[in-house]
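See structure below.
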Amino acid sequence: MNYNRFIYYQGTIGMASSMIFPFYILLIKNVGNSYAQFGWAYGLFALTAALCYPLIGKYADRVGDKTLLSVYSWGMAVLLLCFPLATEVYHVYILQVLMGVLGAVQKNSEKTVLARYVTKEMAGTQIGRYHVWTSIAAAIAVIATGYLVDFLTIATIFYIASLVYAWSGMQLMKSDKIEAEV
Amino acid sequence: MKKIGLVLLYCFILCLSAYFYSAHLHDSTAEAHQRLLPVKIRTVKPGTDEKDLQQLVQNANRSGDILSIAGMQHSQGGQTVYPDGIMVDMKPYNQILEVDEDAKTVTVQSGATWADIQEAVNPYGLSLKVSQSQNIFTIGGSLSVNAHGLDIRHGGLSDTVLSMRVLTADGEIRNLSPTENKELFYAIIGGYGLFGIILDATFQLTEDELYVTETQSMDFQDYPAYFKEQVKAKPEAKMHLARLSIAPESLLEEMYAITYETAPDQSKLPEHKQLKTENLVAVPKFFLGLSRINDAGKETFWKTQKTYTEGIDGKLVSRNNVMRSDSEFMEYDNSRKTEVLQEYFVPVDEFESYIPELKTVLEAHPDFNLLNVTVRYVDQNDNAVLSYAKEDMFSLVLLINQGTDPESMADTREVVQEMIDVTLAHHGSYYLPYFGYPTKSQMQKAYPRTNEFFQLKDRYDPDHRFKNLFYEEYRP
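Residue numbers (this note's numbering), protein chains in the order written: chain A, 13 to 194; chain B, 296 to 771.
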């Protein structure tokens, strides 16, 4: 996987995740009851991520970044398909825990790839450029999704985001092939 | 190969999820369990023009669909919904058709709100004769619940309607007035959307006036005499409202009254004429929030209300502005709890003996969370088939905070039915737009013409094109 491809990949999953995260709260609102439950849902996410980081860190060096990113993409693609089916608050809690694990995989891999590809002398420029594209993708996704939720149901955005994740997973495979050819 | 397998697996899970989701979506009982009335309607059709509405009714006649009619949907007894029916949303049908300055009339489409009318007639120095205390409701909705308000001089809402046009179940448009199609006219006012779609109505207006605010606090025993002597007998008193304490220490004992009297000097009207908008919503919202929590909160709320009322004594306000009461502070957003209203009518002379009995019911149920009780006056009026004002009555509006789970609902039902029994024992009645806690026999007692109402329904809408949950709950 080359660096441009990585930016493209991160842009894609950035779009998918920004589609769901701001609006995700609407789902919790439909399912949950109180601010405390909001707090727990997000707290569980952060807490599981914290517990997973040491493990993921170790694996990253052993199995490689791309494998972990694949796990993230396909994991998220499948997980998002469960969201529309959540009707109880504990469903949301379970999903949040799983999202915490996958979120940690993504965050860690994002940084390890950057660390491996970015040349020290140009790190500022390169990481800056990386953030420009991923942020633009995220911004477009958030705004567009706002309109989507107005027209469609909240469930629809989970399906769309899931398809985007699946797409990103396929992109990773393709880059596999390209690398093999090279 | 592995990759194709992965993609296929994903597609399989996607289909599985979509299947379960759509199955869940079509299971109408599963949705919206936190609301008091979980109802799944098929579609919402906005009413935009007369021809479309006519077409809608004719199509429904062919397809057999049930229509329910909705305005702001603040009625709480399911008057605007029917399971798997089509809800006709009248809000977009909201034009002010004509203001006749000389004849002092206004003609409006039924989706317009009272606020819309106020904005249209205020520049002409005109004002509504009767409207609700809050102006957020649609004309069609208010007519269908035969609403009443603060005015004590102009009778009921039905007395101020000169004529209206109604789209009936046969798809025809009819003119109704106190002289033309009289029977249907008085069935549709307070008809809860069961006789047809009100298209537009013409109201008799009066002149906007400058009022001076008079406030007075007292014990409840003194209130009927105060009202008769200091309010009703005083020609300059035009609008009136009172509040009963909900604070535990003075529960249903202390009261304060606010009366709006024609100001001796009308020359200052232009200064007060501009329509006010809601301001400082956060302050009353905060105190009402305290009152929801516990008894101390209720004491604070009551004290604040009293202090505020003393503060407005002597203030000048235009009639149109009195009719623009704040309601935004009551908006309440909690999916586990909700707020419901009850309204009881009790003859003026029964008030003194009625209140202690009502208090006994409330004290027997310490968990019943009562947040506010306002008192208004309604003139005897039996125009409407379902008329609540069998005599000159005081109306008590109770704001209640309750849980939405089945036990909380059962608890509230019990208290409400007891309160209605007490009210009926004092020759009173109760208001129908609220949640269906009352029993059928309580409705029969409160509204002696109930059977006639449902017979009229069968006659004017033999195929039952217009139905709602209220109808299902209380039909014979």
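Glycine included, every Cβ here is placed at the ideal spot set by N, Cα and C.
Everything numeric in this text was worked out from a predicted model, so none of it was measured.
Cβ pair residue i, residue j closer than 8 Å
i      : j      : result
V109/A : P34/A  : no
Q499/B : T557/B : no
P341/B : D384/B : yes
L611/B : Q561/B : no
G372/B : F765/B : yes
R760/B : V339/B : no
G485/B : L311/B : no
S174/A : L107/A : no
L665/B : L583/B : no
V461/B : L452/B : no
L67/A  : G87/A  : no
L564/B : N417/B : no
F596/B : M550/B : no
Y487/B : N763/B : yes
Q772/B : T745/B : Lying outside 296 to 771, the shown extent of chain B, residue 772/B is not represented and no answer is given.
For residue i, three-class secondary structure by DSSP
i      : result
A325/B : No answer about A325/B holds up, because its pLDDT of 34 lies below 50 and its placement is not dependable.
R770/B : coil
H660/B : coil
H535/B : strand
V113/A : helix
Y742/B : coil
M459/B : strand
Q404/B : strand
Y527/B : According to the sequence shown, residue 527/B is Lys rather than Tyr. The answer is helix: DSSP assigns K527/B an H, G or I state.
A150/A : helix
Y725/B : strand
Q499/B : strand
Y506/B : strand
M550/B : strand
N120/A : helix
Y639/B : strand
P341/B : strand
Y21/A  : helix
K610/B : coil
F748/B : helix
L445/B : coil
Q49/A  : helix
E634/B : strand
D465/B : coil
A365/B : strand
D756/B : coil
G698/B : strand
Y555/B : strand
D560/B : coil
Chain-ordered neighbours of residue i on chain B, where CB pairs are closer than 8 Å
i      : result
L107/A : Chain B residues near L107/A: none, gap ~13 Å exceeds 8 Å.
W86/A  : L301, Y305
Proximal residues of chain A, C-beta to C-beta of residue i below 8 Å
i      : result
I308/B : V90, L93
S405/B : Correct list: empty, because the minimum Cβ distance to chain A is about 27 Å.
Neighbouring residues, chain B, relative to residue i (Cβ below 7 Å)
i      : result
S180/A : Those do not exist, as S180/A stays about 12 Å from chain B at its closest Cβ, beyond 7 Å.
M185/A : K298
A167/A : Y316
Partner residues on chain A for residue i, Cβ-Cβ distance less than 9 Å
i      : result
F315/B : P96, L97
CB contact below 8 Å: residue i versus chain C
i      : result
S312/B : Given the protein chain composition of this structure (A and B), no chain C is represented.
The ligand NAP heavy atom lying under 7 Å from the CB of residue i
i      : result
V416/B : The ligand NAP is not among the ligands present in this structure, which contains no ligands whatsoever.
Chain-ordered chain B contacts of residue i [CB-CB under 9 Å]
i     : result
S29/A : Result: empty, since nearest Cβ-Cβ is about 18 Å, beyond 9 Å.
Any contact between the segment 639–646 of chain B and the segment 446–453 of chain B? By contact I mean 3 or more CB pairs, one from each, below 8 Å.
Touching, no.
Using 8 Å as the Cβ pair cut-off and three pairs as the minimum, do the segment 352–361 of chain B and the segment 742–751 of chain B touch?
The segment 352–361 of chain B and the segment 742–751 of chain B do not touch, with fewer than 3 CB-CB distances between them shorter than 8 Å.
Is it a yes or a no for the segment 514–523 of chain B touching the segment 716–728 of chain B, going by three-plus beta-carbon pairs under 8 Å?
No, the segment 514–523 of chain B does not touch the segment 716–728 of chain B.
Using a Cβ distance threshold of 8 Å, determine whether the segment 425–444 of chain B contacts the segment 361–372 of chain B, with at least three qualifying pairs required.
Using a Cβ-Cβ distance cut-off of 8 Å, the segment 425–444 of chain B and the segment 361–372 of chain B are in contact, since at least three pairs of beta carbons, one from each stretch, lie closer than that value.
The segment 543–552 of chain B / the segment 386–395 of chain B touching (three or more Cβ pairs under 8 Å)
With a cut-off of 8 Å, the segment 386–395 of chain B and the segment 543–552 of chain B do not count as touching, because too few Cβ pairs lie within range.
Whether or not the segment 172–186 of chain A and the segment 58–73 of chain A are in contact is what I'm after, with contact meaning three or more pairs of Cβ atoms, one per stretch, closer than 8 Å; do they touch?
Cβ pair count under 8 Å is below three, so no.
Would the segment 647–657 of chain B and the segment 592–604 of chain B be scored as touching if the rule is three or more Cβ pairs under 8 Å?
With fewer than three CB-CB distances shorter than 8 Å, the segment 647–657 of chain B does not count as touching the segment 592–604 of chain B.
Inspect the CB distances between the segment 398–405 of chain B and the segment 486–496 of chain B and report whether three or more fall short of 8 Å.
In short, these stretches touch, since the Cβ pair count reaches three.
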